[in-house]
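Notes for the one structure printed next.
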Amino acid sequence: MSDLIQLSEDERDCYQEITNVAMGQAADRLARLLGVYVVLPIPNVNLIEINEFKMTLKSLEGNSTVSAVCQGFIGAGIAGEALLIFNDASFAEIAKLLDYPGNLDQHEELEMLMDVANVLNGACIQGIGEQLDIDFSQSHPVILGQHCSIADLLEPNQSRWQRTMAIEINYTIEDHNINCDLLLLFTEDSVVHMNRLISFLMDD
Amino acid sequence: MTTKVLICDDSKMARKQMARALPADWPVDVHFAQDGQEAIDLIKAQSFDVLFLDLTMPVLDGYATLEIIRQEDLPIMVLVVSGDIQPEAQERVKKLGAIDFIKKPVDAEQIKQVLIEYGILRDQAHE
Amino acid sequence: MSEQNNELDQSHWFMDILQTIDVGLVVLDRQYTIKLWNGFMENHSGVRPDQAKGQCLFDLFAEIDEDWFKKKAEAVFLLNTRAFTISEQRPYLFKFKNNYPITGRAEFMYQNATMIPLNSIHGETDHICLIIYDVTTATMNKLDQEKAQHDKTKKA
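Line by line, the protein sequences are chains A, B and C.
No gaps in the numbering here: position 140 of the first sequence is 139 in numbering that gives the first Met the number 0, and each next residue is one more.
No gaps in the numbering here: position 121 of the second sequence is 120 in numbering that gives the first Met the number 0, and each next residue is one more.
No gaps in the numbering here: position 81 of the third sequence is 80 in numbering that gives the first Met the number 0, and each next residue is one more.
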């Protein structure tokens, strides 16, 4: 049994604060894009096992189907993915805000999904990079699924990992029925590197 | 003359960063609060000159804290320090009586300029 | 005056683009010493430019088959012609992790590579540029299709 890393309270607090700033930047861009006010929660930072991860995803599903986009990022020994999960009920609302006409077809929904993902994923990843002084490489976004269940998202994967540090951010838009979850997922190796980087932020 | 400063943020890291960003030569007496309620209690118990206030906090958030300060006419200058930089957030806090909005991550030079601008810190260079 | 500024701007833009672009760029001299190492290479290998430059490629990356690589590269140096390798020949040149460590299925990054000749002012090819492309998604799709085909014929 390998030595499992743990997150100290200080480390958790640090990641929460770093994410807080990064998601503030992301929300700002989304707010400008849609002309709305984005409600920012306190991000949830946790080291979780693969099973807990699947459960977290299931809990985000609710009653409706979802669409998900993910984007990998890497730099300075840190690697992970930004997974944006959209409640399908939100599409119509966002369409209104973006002035898309009438009923959306799958293609237009995809466009919108990409527009929002670019803004949220990009700003979060770069925002975290800025604070840690890392210039992350971002890979192309991948559509994990459109109008599917969470189970569909993960089923084909034989996981090569046991644990991940998951930072969960739930964005809601005031006065509109728009809801999406951004999960920042870091590999276990990355956490070791990040802990070292943030130690200077925590030092007195 | 020592300025009494209160830094209110639920993040220990953010409180440290804020304290470190204050001008080195500024004579201050710095205190900390973990959420809006603690800040209000401290302000009522002892008088403070300046409050650096975060927005996203549990128990009592920044907006609610500003409301209370305004309603009860508590004598204190409030500078909001937040990662939530969207246009509406900045507007809302100014409407609620904050004198300015400082974006996180905080920068020492920026803090100094804001303090000088509002006459909280004397600009030594121009004396 | 403004034309000079324009050129400076362009150089600056090119530098930025080469650093951020999502392909790997490595420049090697005749001795296979690394002369240029862009952001993609840095981020995926964990080796910084100051660590990579001046080192022999094969010293830093043991996974690269030296004989095979040199054979390909020599052709580029001597004939001033481009060379290509595809992931079907070799899955990768550099062993990099999959860009999707959490949701991805591939164990590593599948790569295509191009070698282009870089000429000196005198016209000889004294350097080559190695361009690394991430083709993991396409490769996985292909493997999936092949597997589906294989399963189909097995059932028949």
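Here a beta-carbon is modelled for each residue, glycine too, at the ideal position from N, C-alpha and C.
Please read all numbers here as calculations on a predicted model, not as lab measurements.
Anything in chain A within Cβ reach of residue 12(B), meaning under 7 Å, just list it in chain order.
-> Within 7 Å Cβ-Cβ: 12, 13, 16, 200, 201.
Can you list, in chain order, the residues of its chain whose CB lies under 6 Å from that of residue 39(B), leaving out five sequence neighbours each side?
-> Taken in chain order, the residues that qualify are 67.
Using a threshold of 8 Å, state whether the C-beta atoms of residue 24(C) and residue 130(C) are closer than that.
-> Cβ distance < 8 Å, so residue 24(C) and residue 130(C) count as in contact.
Same chain only: Cβ atoms within 7 Å of residue 32(B), ignoring 5 sequence neighbours per side = The residues 5, 7, 38, 41, in chain order, have a CB closer than 7 Å to that of residue 32(B) in the same chain once the five nearest residues on each side in sequence are set aside.
Hey, does residue 83(C) have any beta-carbon neighbour from chain A nearer than 8 Å?
-> No, because no Cβ of chain A sits closer than 8 Å to the Cβ of residue 83(C).
Tell me whether residue 102(B) sits in a helix, a strand or coil according to DSSP, three-state version.
-> Secondary structure of residue 102(B) (DSSP, three-state): strand.
Using DSSP with H/G/I as helix, E/B as strand and the rest coil, what is residue 34(B)?
-> Looking at residue 34(B) - three-state DSSP - the assignment turns out to be coil, as it is neither helix nor strand.
Helix, strand or coil at residue 93(C) according to DSSP, with G and I counted as helix | Three-state DSSP puts residue 93(C) in coil, outside helix and strand.
Which partner residues of residue 39(B) appear in the DSSP bridge assignment?
-> None; residue 39(B) has no bridge partner.
Please check the pair residue 95(B) and residue 69(B), which I expect to be a contact at CB under 8 Å, by giving their CB distance rounded to whole angstroms.
-> 6 Å between Cβ atoms; contact.
Taking 8 Å as the CB-CB cut-off, is residue 84(B) touching chain A?
-> So yes, residue 84(B) belongs to the interface.
Considering only residues of the same chain and omitting the five flanking positions on each side of residue 90(C), which have a CB-CB separation below 6 Å?
-> So the qualifying residues of the chain are 109.
Could you tell me whether the Cβ atoms of residue 90(A) and residue 108(A) are closer together than 8 Å?
-> In this structure, residue 90(A) places its C-beta atom within 8 Å of the C-beta atom of residue 108(A).
Tell me whether residue 13(C) is buried or exposed, calling it buried when 16 or more other Cβ atoms sit within 10 Å of its Cβ.
-> Exposed.
Whole-angstrom C-beta distance between residue 79(A) and residue 100(C), which should lie under 8 Å | With 8 Å as the limit, residue 100(C) and residue 79(A) qualify as a contact, their Cβ atoms being about 7 Å apart.
Is it a yes or a no for the stretch 166-180 of chain A touching the stretch 34-54 of chain A, going by three-plus beta-carbon pairs under 8 Å?
-> Put simply, the stretch 166-180 of chain A touches the stretch 34-54 of chain A. At least three CB pairs are less than 8 Å apart.
Cβ neighbours of residue 36(B) in the same chain (closer than 6 Å, five flanking residues each side left out) = Listed in chain order, the non-local C-beta contacts of residue 36(B) below 6 Å within the same chain comprise 58, 59, local neighbours out to five positions each way being set aside.
Going straight from the alpha carbon of residue 180(A) to that of residue 55(A), what length do you get?
-> Going by the C-alpha atoms only, they are around 11 Å apart.
Indicate the three-state DSSP secondary structure (helix, strand or coil) for residue 118(B) in the structure shown.
-> Coil at residue 118(B), not helix or strand.
Residues within the stretch 58-89 of chain B neighbouring chain A, beta-carbon criterion of under 9 Å = Legend: CB atoms of the stretch 58-89 of chain B lying less than 9 Å from CB atoms of chain A belong to residues 81, 82, 83, 84, 85, 86, 87, 88.
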